[in-house]
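Shown next, in structure tokens, is the structure this report addresses.
As structure tokens, then:
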């Protein structure tokens, strides 16, 4: 699980830095990216909780 969370966080970071929410082409795309990033962050938080690690203040 720890390895999966690590790989998932790397993918999340790459997507976050590549796919701008603020400069999305449409409002629908902006909303979709916000929802996706929120779901990824929640998944990472739950995964860290499952393996007994306190999440950092910022990700």
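Numbering (the working numbering), first residue to last: 214 to 272.
All C-beta atoms in this analysis are idealised placements derived from N, C-alpha and C, irrespective of residue type, glycine included.
Reduced DSSP category for residue i - H, G, I as helix; E, B as strand; rest coil
{"i": "residue 253", "result": "helix"}
{"i": "residue 238", "result": "coil"}
{"i": "residue 260", "result": "helix"}
{"i": "residue 246", "result": "helix"}
From the options, residue whose alpha carbon lies closest to that of residue i
{"i": "residue 217", "options": "233, 245, 253 and 239", "result": "253"}
{"i": "residue 225", "options": "255, 267 and 270", "result": "255"}
Residue interval of the alpha helix (DSSP H) (run including residue i)
{"i": "residue 228", "result": "215-231"}
Assumed close pair residue i, residue j - CB separation to whole angstroms, cut-off 8 Å
{"i": "residue 257", "j": "residue 222", "result": "6 Å"}
Beta-carbon proximity of residue i to residue j, cut-off 8 Å
{"i": "residue 250", "j": "residue 219", "result": "no"}
{"i": "residue 260", "j": "residue 214", "result": "yes"}
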